[in-house]
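Right under this line is the structure:
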């Protein structure tokens, strides 16, 4: 999935599924390995590593789909691994200003203070947010072998 603003972009790719291996963990959601590409002004960054659980991916897809609806604002979306978070600062009928937290594994190398997260601002259309949700869901379905 990719979200693009005037001076920024955020791309999230699912690389692999790590299924639960122990019989005692079979009821737990699988983990997804991620790659993130981001850009802000003239800076670019690529990072690999942090994980999302499959249920958290489902929450993210749902959050993005709801943000794709006119006049919707939702609370900040946080995950167990604190490397990513999603927030909506402002919203109107056609656009929304999202902020995406890049921390730990995903902190851009050019970020001035690597001890604090970088929140990348992305002003984008609601249609683009809806498309990003659909792309992320399709990416997961293909990776999981459902398509």
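Numbering (our numbering), first residue to last: 2 to 148. C-beta atoms are modelled at their ideal positions from N, C-alpha and C, and glycine is treated no differently.
Annotation for residue 87: no alpha helix (DSSP H) segment contains it, though the beta strand (DSSP E) segment containing it runs 85 to 92. Taking all protein chains shown into account, residue 94 has fewer than 16 neighbouring C-beta atoms within 10 Å of its C-beta and is therefore exposed. Annotation: the continuous beta strand (DSSP E) that includes residue 11 extends over 9 to 19.
In the DSSP annotation of this structure, residue 100 is not part of any alpha helix (DSSP H); the continuous beta strand (DSSP E) holding it starts and ends at 96 to 103. Closest by C-alpha distance to residue 3, out of 31, 32, 37, 115, is 37. The C-alpha of residue 42 is placed about 25 Å away from the C-alpha of residue 78.
Between the alpha carbons of residue 125 and residue 89 lies a distance of about 11 Å.
Judged by DSSP in its simplified three-state form, residue 120 adopts strand. In this structure, the beta-carbon distance from residue 49 to residue 80 does not fall below 8 Å. Distance from the CA atom of residue 56 to the CA atom of residue 7, rounded to whole angstroms, is 31 Å. CA-CA distance, residue 30 to residue 97, rounds to 31 Å. Put simply, the backbone Cα of residue 144 is about 35 Å away from that of residue 113.
Residue 52 is bridged by DSSP to 34. Residue 144: member of the alpha helix (DSSP H) spanning 127 to 144, first to last residue. Between the alpha carbons of residue 134 and residue 106 lies a distance of about 23 Å. By the CB criterion at 8 Å, residue 103 and residue 39 fall inside the cutoff.
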